[in-house]
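Asks: Dumping the structure here so I can ask a few things about it.
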Amino acid sequence: MDLRDAPPLEDEGDASSGAPDAALGGEEAPVEETGGEETVGLNGDGLEGAQPHDGADGDSACLEGEGGGTEQGGAQGGAESRGAWAHMFRQGRGGLDRRRRGHAPSHPYASPHRARGDGEAFPQRRHDRNLPPWGHQQGRRGLRRREEEAPQLSTQEKRWMCLRALFVTIGDELSLIPQQIQKLAREAENVIVQAREEANRAEEERRRKLRQAQGEGEDAAKGAAGASEPDEVMAVDIKEMEPSAQEKKDEDLDTLLVTLIVDCASQLPLKVGIYACLVGLWYKKSRLRPLCARIVEQSFIRFEEAIKQGNFSDAKLLLRFLLALSGSFVVAPESVFDLMKALLSMSAELAPSATTDQILLVVLAALPWLSARSWETLQGSVGEVLALAQQIGASSPSAEVLLLQQATSPIRAAAGGALGGEEGSPILVSLGLDKSRLSSLFEAIASMIQSLLSAKPRGGVQLWGGLLFFGAQESWKSKATLRFYQSPELFPLLKPVNDAAARVPLCVAPTLSLSVDDLRSVKAFPVERSIRLPVSIEKVDIPLSLHDRWILEDHFSTILRNFRDNVTLCAEALLRVPVDHEQFEFVLVECLFSAMLRLPHAPSPGDVSETPFFITRVLHRVCQMQNLLVGVTEAGLTSLLKHAAHFDFQALRVLADFFAYWLNVWEGRMSLLEEWLGLSIPPAYLKVFVQHAFEKAFRFRYRPHLLELLPECVLPYTPPDAVPSCPYTAEAPQQSLAFPGAPPPPVGLMTLTSYAGHIEFSEVQKLLLFSFKKREGGIPPPPESDIRARRMQSEDETGAGGSDQPAQEEGMEAEADAETRERSERDAEEQKRDLMRYELARLLRGRLHRKTWKRRPGFSHDGERPGVFPPPPQPSSPSKKRSGEEDEPRDDAEEEPREEGDDARTPYEDDEAEGHVWSLTDLAQVLVFALLTRGLKTLTHSERLVANYFPVFEFLKRGATKKALRAMQPPDFETQNAQRPGEVDDESDVELEDEEERGDEAEMSKAERRSQEVEEAFLKAIFDFWKNSRQKTVLTVRHFERYGVVSKEGTVRFVFDSLSATERDDSRIMELFDLLLQLSIEGFELKKEKALALVQTRGSADEEDEQKREERQAAVAAAAEAAGAVQTLLHFILIGFMRELLREEHAPRRIALEARLVYLARDYARFVDLPRLQEQIGDSMTDDLHQLLALSKQVQTQFFFLDREPGGLLGPLAAELDDDRDGLHAEEAEVGE
């Protein structure tokens, strides 16, 4: 690859630059002869004399020679110090590469003085970005302290850090890459030789000291005849002089380099050829050939490990590296082809599966990295590999595999994203989804072979796939393989020059040690599919060849996988792919959309980088770096939305989330919406997509601000505002007026007093406090015992009678006072919380089975106290408690007559004429409406209210009985037979309290049924309150579920039993189900992780004590229970949708239900209990339901490999659970005997 015409470098010297040193303003580095071979010294002396010196930090010790702190040393090493090593310590525009001679900064983040042309020095302006994170607020003093506390690195460690950075960053600058390779090879060779010489000198010094110590020991032994102690002491000294295994490992630079190069080759797909060239240049040096042999051996070992672990991405890059090493004249190409043929031969013995497809992909994807010379000379080996690959790939997939491929495609042949449709549909063909990456690779190899054809082929003519190949080697070209080892600059250096060098034996790849059983046990995922948009061909004049396009797509997908830990690094690596073609941007956008829409998604990903939102951020970052991609992205999105009617359910939601984020980050790009919605009547699927996108966009940004940016044609498609709907705060209807038949008053005069139940609603609101204030009155003093104990402790520590004893005593007393005050405040807060809960429960119980309130005529409101009335009874006086004069509790069935004076102090009375009788469910809804209205400011306010008053919800679920009310009564609170207005004792309390103890075993008890009805009333109030907000509905249910007010199973039951079909079709239902399932899955994963940790850390049965054993058994049982809870919850959801699908006759709704079922059966397949589903469906099984069960089974085996896990979901915990059960049965049997 000829890059001589590439643009020049910047003025500032760069690490990866291959420009001559003279071009950087320095002198050319001296050339010295070492062992008859040409080497270039680093900083003039090859770092041979680099030692740390006083007044210089680690950077100068690494960059400069022995005289680096002097003017002579600076002049000697000035040329190279501005080159390859400078980028490691470049700060701002100046940095270490522009520092004055003889001056070294005190730390790497200092701002050195730069020299002007007249020689005067001026300080560089210091910015926070030039400082480390700890120095932004502390300034230079903080930096000095950090520098003093930081560990000092040795010269060898600094040298290794610089060398490692050069290996990782080589090729980042695209200009003069062959020169960069040569320069790094020379510099690394000098470092290796220097490290070896230092290691030899250190070894000789150690042996000298060892011999000296042995001689002194012998002399001491002769002088002290019969004394054994000196011999023992000397033996210890000799043992201490021997280096440990860890020290030998750290000092071995060759081992570090081998690991580094193999790691880089397996992680950086664009630099495989670069590292192969580096090793090839080293292999020409006789003293570095053992190092190259170790690199080849380690690459092969890592290749086998990657195959065994199912890490086919690393295996693919390592096989490419081995082929590139053969092109660099390091490895014999015949041995690499023997490796490939052995791997394919073992794959042919396996049944067609994902493992065979992945191995085919690994082998065929490495062939484009074969050099032109090897391609021509090894025609027979290449033909055998291609024949084996064609034989293995010729088998047709089974029906189950085709079903899985169809269900994991983001776009379906059938409308509505449902399963079915014709194979080879024009829609799938136009988007490239009819073929997997393996099928596209076969076509790419055929295209590459076709490019070799000439009018008069020089080699033998063979057939593969009906195509001729083996033409002239000059035609074996590719824009994306980056084979630098056959570039005009490097090929003459790599090729053997004379006959003596040609007889140097090449390294041979070891024999493959894998077996067929090893391949059979590999866990391999199915081969992915990529989207290829028609717009990528329509917008370019000359498209990329099939093989170059496939290789470019493979680069992008590999980078997305290997750089998924950092958005910015991933975006930079994607844009750094050196393929100069006008289709580059379109292929990049296609690959990002393919990764974003890849199915199935993990319902609860363990890493953020596994979510589609990570790809969304990468796409946004790429567009920020290259603005041209904004238009390309919008063109690709428009092309995709033409097929939105065939989108998968989850793919449509992911794409809507992406567009919502896109609208917020590119607020000026609203012309796309005008193009979709402004020119004509948009189709229905486009309206649905825009509505979904705007519903998510309003979560990212304040609604009015985003509406100001939207064109007028888009406003009709925006979702309605999230306005709460509360019946007790709305205007009352006409029929609820006090005088029937009277004309309605004007709108301005309409009041809330005419709506039934609004008085109870307002009274409940007054009792709901968002934040409990401190109790009025003084705080009791701290206990004297605490102060005395602290004083005694202080005297014990510091000694009595010390000079600072009074001050310490005052500090202890102040600390004790603060702690006591804080504890008193917490106690007062808790007492007030308990009191308000109890008062609210009393109010609700007092209205149970009574009619709604109305204003008492003639009542004066001047003295009315807001909230609870009459005034709450006070605790009994201590004198009465001591004397036993407390009031005797009256009989619950006996009702005490009221006095006439009581009516004067109650502002409300029961509306016997038109009032509504309060039932338990009505009171439950009033409480929820009041709570949500009280916490309407933010969702956090309502969550705090639920946290404060969840015992009141439990009180209603228990039937609001006397027993439940007494359980909520504060400890120091006595009722003194006080009653609320309208509160009477209910004789049915005895029956209600006894319901919890009675119950039919065959069906739910009355108490359970009542609790279920109250829970459904809670949920109905939530859904009614947030009719127009999907997000707030889901989050509010989450708050209630978090505190146990509603259950997950109860929520699912309410959705399918209480909501209508139209309400269930709302998108918030699926979002709610996703939230409930994800919460259950996260809980299961946490409990499983805890149980596994306890199982792994336990000792033997004799060493484990009873407490640890019980803790471990409880953790394992909790994990098993959590797994069963997830399966049960998902089972209820699937059964509910399946019943609807069987009853539904309307075709569009059947398609929508099937799309939801496909999503649940695929993305949550890991937790689907197939035997339980089959048993419950029974004779109602249809073809659609059978496809869903088959799909779940395929996902379980192909993506989660549950068929290979003995314990299924629990894994190793299943055996542990069985052992615990067997031990429990054995103990019970012993007890029975």
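Just so you know, the sequence shown maps onto residues -18 to 1214 in my numbering.
Ideal Cβ positions, reconstructed from N, Cα and C, are used throughout, including at glycine.
#1: Consult DSSP for residue 107 and reduce its assignment to one of helix, strand or coil.
#2: Who are the Cβ neighbours of residue 583 in its own chain at under 7 Å, not counting the five residues just before and after it?
#3: The alpha helix (DSSP H) spanning residue 270 covers which residue range?
#4: Would you check if the distance between the CB atom of residue 578 and the CB atom of residue 632 is smaller than 7 Å?
#5: Between residue 937 and residue 995, how many whole angstroms is the CB-CB distance? I'm expecting something under 8 Å.
#6: Nearest-angstrom Cα distance between residue 325 and residue 510?
#7: With distances taken from CA atoms, which of 376, 400, 565 and 311 is nearest residue 461?
#8: Cβ of residue 151 within 7 Å of Cβ of residue 161?
#9: Within this structure, are the beta carbons of residue 300 and residue 347 separated by less than 7 Å?
#10: Out of 801, 563, 905 and 679, point me to the one whose CA is closest to residue 742's CA.
#11: According to DSSP, simplified to helix, strand and coil, what is residue 707?
#12: Bridge partners for residue 488 per DSSP, in chain order?
#13: On a Cα-Cα basis, can you pick out the residue from 626, 617 and 548 that is closest to residue 593?
#14: Could you tell me which residues DSSP pairs with residue 836 in its beta bridges?
#15: Compute the Euclidean distance between the alpha carbons of residue 1169 and residue 1160, then round it to the nearest angstrom.
#16: Let's test the definition: count the other Cβ atoms within 10 Å of the Cβ of residue 659 and tell me whether it reaches 16, buried, or not, exposed.
#17: Quick check on the DSSP output: the alpha helix (DSSP H) that includes residue 252 runs from which residue to which?
#18: How far does the alpha helix (DSSP H) with residue 565 in it extend, from its first residue to its last?
#19: For the segment 241 to 259 and the segment 179 to 193, state whether three or more C-beta atom pairs, one from each stretch, are separated by less than 8 Å.
#20: Locate the alpha helix (DSSP H) running through residue 666, then write down its first and last residues.
#21: Would you call the segment 1166 to 1180 and the segment 379 to 387 in contact, with 3 or more CB pairs under 8 Å?
#22: What first and last residue would you give for the alpha helix (DSSP H) that runs through residue 528?
#23: Looking at residue 613 and residue 552, is the spacing between their C-beta atoms short of 7 Å?
#24: Straight-line CA distance for residue 1216 to residue 818?
#25: Quick one: residues in its chain with C-beta nearer than 6 Å to the C-beta of residue 1200, no 5 flanking neighbours on either side, listed in chain order?
#26: Give the secondary structure of residue 1015 by DSSP, where H, G and I count as helix, E and B as strand, and everything else as coil.
#27: Between which two residues does the alpha helix (DSSP H) carrying residue 601 extend?
#28: If we count the other Cβ atoms within 10 Å of its Cβ and call it buried at 16 or more, is residue 677 buried or exposed?
#29: Quick one: residues in its chain with C-beta nearer than 7 Å to the C-beta of residue 309, no 5 flanking neighbours on either side, listed in chain order?
#30: Using only the alpha-carbon positions, how far apart do residue 166 and residue 280 sit?
#31: Based on Cα-Cα distance, which residue from 943, 1122, 1101 and 316 lies nearest to residue 1196?
#32: Anyone know if the C-beta pair for residue 1064 and residue 1095 falls short of 7 Å?
#33: Please report how far the alpha carbon of residue 1124 lies from the alpha carbon of residue 1130, in whole angstroms.
#34: Figure out for me which residue from 989, 1005, 1187 and 1062 has the closest Cα to the Cα of residue 1031.
#35: Does DSSP put residue 1118 in a helix, a strand or coil?
#36: Give me, in chain order, the residues of the same chain whose beta-carbon lies closer than 7 Å to that of residue 1233; leave out the 5 immediate sequence neighbours on both sides.
Replies: So, from the data block:
#1: Caution applies to residue 107, whose pLDDT of 40 falls short of 50 and renders its modelled position unreliable; the value that the coordinates give is listed next. DSSP, reduced to helix, strand and coil, places residue 107 outside both helices and strands of the structure shown, so it counts as coil.
#2: Cβ contact annotation for residue 583 (same chain, cutoff 7 Å, sequence separation greater than five): 591, in chain order.
#3: Residue 270 -> alpha helix (DSSP H) spans 270 to 290.
#4: Yes, these two residues count as a Cβ contact at 7 Å.
#5: Yes, they are in contact, since the Cβ atoms of residue 937 and residue 995 sit about 5 Å apart, within 8 Å.
#6: Cα-Cα distance, rounded: 22 Å.
#7: It is 565.
#8: With respect to residue 161, residue 151 sits close: the two C-beta atoms are nearer than 7 Å.
#9: A contact, by the Cβ cut-off of 7 Å.
#10: From the listed residues 801, 563, 905 and 679, the smallest Cα separation to residue 742 is found for 905.
#11: In the structure shown, residue 707 sits in coil (DSSP, three-state: anything other than H, G, I, E or B).
#12: Partner residues in the beta bridge of residue 488, as assigned by DSSP, are 312.
#13: Proximity to residue 593 across 626, 617 and 548 peaks at 548, based on C-alpha coordinates.
#14: Bridge partners of residue 836: 889.
#15: Rounded to whole angstroms, residue 1169 to residue 1160 spans 16 Å at the Cα level.
#16: Residue environment for residue 659: exposed (fewer than 16 other C-beta atoms within 10 angstroms of its C-beta).
#17: For residue 252, no alpha helix (DSSP H) run applies, since DSSP gives it neither H nor E.
#18: Counting along the chain, the unbroken alpha helix (DSSP H) around residue 565 starts and ends at 565 to 577.
#19: Taking 8 Å as the limit for Cβ pairs, the verdict is that the segment 179 to 193 does not touch the segment 241 to 259.
#20: Residues 665 to 681.
#21: Using a C-beta cut-off of 8 Å, the segment 1166 to 1180 makes contact with the segment 379 to 387, since at least three inter-stretch Cβ pairs fall below that distance.
#22: For residue 528, the uninterrupted alpha helix (DSSP H) segment begins and ends at 527 to 543.
#23: Not closer than 7 Å, so no.
#24: Nothing in the structure corresponds to residue 1216, since the chain is present only between -18 and 1214.
#25: A distance below 6 Å between beta-carbons, with the five flanking residues on each side excluded, links residue 1200 to no residue of its chain.
#26: Helix, per DSSP.
#27: Where residue 601 is concerned, the enclosing alpha helix (DSSP H) stretches over 593 to 606.
#28: Around the beta carbon of residue 677, a 10 Å sphere encloses 16 or more other beta carbons of the protein chains shown; the residue is thus reported as buried.
#29: Taking residue 309 as the centre and dropping the five residues before and after it, the same chain places the C-beta of 257, 258, 260, 261, 466 and 475 closer than 7 Å to its C-beta, in chain order.
#30: Straight-line Cα distance between these residues: approximately 19 Å.
#31: Between residue 1196 and the set 943, 1122, 1101 and 316, the nearest pair of CA atoms involves 1101.
#32: Using a Cβ distance threshold of 7 Å, residue 1064 and residue 1095 do not count as a contacting pair.
#33: Straight-line measurement puts the Cα of residue 1130 at about 11 Å from the Cα of residue 1124.
#34: It is 989 whose Cα lies nearest to the Cα of residue 1031.
#35: Annotated three-state conformation of residue 1118 is helix, per DSSP.
#36: An answer regarding residue 1233 cannot be provided, because it is not within the stretch -18 to 1214 covered by the chain.
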